[in-house]
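This report refers to the structure that appears directly beneath it.
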Amino acid sequence: MKDFSVSMALVDYIPVIFFAIASVILMRDLYNKMSKGAFALFAAGTIDITCAGALKATYKLLYAAGVCDFEALSAMFFPVQSIGFLLAGIGILAMLCHKQSKTAVCAVAPPLFSGTFVFVGLMVAGLGIMDVVLCILAAKLKKSGLIALFVLSFVCSLCMGYLSSQDFAEASMNWIAEGVNVVGQGALLAGAILLHKNGLTELELRKGEMV
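The numbering of the sequence shown is the numbering used here, which starts it at 1259 and goes up by one.
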């Protein structure tokens, strides 16, 4: 038996909503800076992440409400979300490291499905790449104070990686994980909003130049 409650499941939707809003803001601001290939990777990755989180929260809600134990929704969480983070990270990194063109082609090596640890690693690596690039953009906008928000977001992702190895059948572990996730995605959302307000849309990037 898993110790889920309806309130716990509803709280689980909060970081999903935070991440979805942050992703939309970033996609709108970065659209004119990315090639079609890079933008497609970033958009596909963020959509994967959002769907994975929403389905996991829905799994908890169905279980807590006594509707059913839809195990597939829980089992697909790590594979879908980790690949999503990897795609999003590669897409946003390509914006800085590769000369963007209308015909740019971005290839992604097939992910290795060899266990939860691999998926956690991909998730942390992908989000780490995203946060590094967002820190660079904050520095370019001369808003270095925003770097703290993206660092906090990444630290929370590391904590989520550790917590994923714990027993989530206990309510206490679920509440701790949800709290960490809310803080992490809230920091990402706040950083995205502040980047937008400080001129990310108008920022011109010199392709291939990291700083």
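For each residue, glycine too, the CB sits at the ideal point set by N, CA and C.
Asked	Found
Out of L1288, V1440, S1340, point me to the one whose CA is closest to A1267's CA.	V1440
Does the beta-carbon distance from M1381 to F1300 come in below 9 Å?	no
Exposed or buried, what is F1277 when buried is set at 16 or more other beta-carbons lying within 10 Å of its beta-carbon?	buried
Compare the C-alpha of F1343 against each of D1306, A1330, S1430 and name the closest.	D1306
Using a Cβ-Cβ cut-off of 8 Å (strictly less than) and excluding sequence neighbours within five positions of L1395, which residues of its own chain qualify?	L1453, L1458, L1461
Note down, one range per segment and in chain order, each alpha helix (DSSP H) of at least 4 residues found wholly within the region 1298 to 1362.	1329 to 1333, 1335 to 1355
Grab me the residues of I1279's own chain with a C-beta within less than 6 Å of its C-beta, minus the 5 sequence neighbours each way, in chain order.	L1447
Of the choices V1269, A1435, G1347, whose alpha-carbon is the least far from that of G1379?	G1347
Compute the Euclidean distance between the alpha carbons of L1331 and Y1317, then round it to the nearest angstrom.	6 Å
Given that a residue counts as buried once 16 or more other Cβ atoms are within 10 Å of its Cβ, and exposed if not, what is Y1289?	exposed
Pick helix, strand or coil for E1462, following the three-state DSSP scheme.	coil
So the candidates are D1270, S1293, S1265; which of them puts its Cα closest to the Cα of L1463?	S1293
Less than 6 Å between C-beta atoms, sequence neighbours within five positions excluded: which residues of the same chain meet that for L1313?	L1331
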